[in-house]
Amino acid sequence: ELNNKQVLDWDAEPRGKIRDFAKEGYIGLQNHDSRSPVYFRNIYVKEL
């Protein structure tokens, strides 16, 4: 949730177990509609 709006709804089963996921790597941002521009600004990643 961001600014009181849902930004993600994902209900898929992962292919592997969480312990099998990479512990580090890249974060990708994408848009599936090529006709709608998407802008990203001030994105921060905080280690949990």
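Position in the sequence shown (first residue = 1) + 27 = the working numbering. Using N, Cα and C, we set each Cβ at its ideal position, and we do this for glycine too. Keep in mind the model is a prediction, meaning the values are calculated, not measured.
Open item on the list: Would leucine 56 and phenylalanine 67 be called neighbours here (beta carbons separated by less than 7 Å)?
Closed with: Looking up residue 56 in the sequence shown gives position 29. Looking up residue 67 in the sequence shown gives position 40. Cβ atoms of leucine 56 and phenylalanine 67: closer than 7 Å.
Task: Rounded straight-line distance, which links the Cα of tyrosine 53 to that of tyrosine 30 - done: Within the sequence shown, the letter at position 3 stands for residue 30. Within the sequence shown, the letter at position 26 stands for residue 53. With the sequence shown as reference, residue 30 is identified as asparagine, and tyrosine is not the correct amino acid for it. Spanning the two alpha carbons is a distance of roughly 25 Å.
- [ ] State the beta-bridge partners of leucine 56 as determined by DSSP.
- [x] Here residue 56 is taken as the residue at index 29 of the sequence shown, counted from 1. BP columns for leucine 56 are empty, so no partner.
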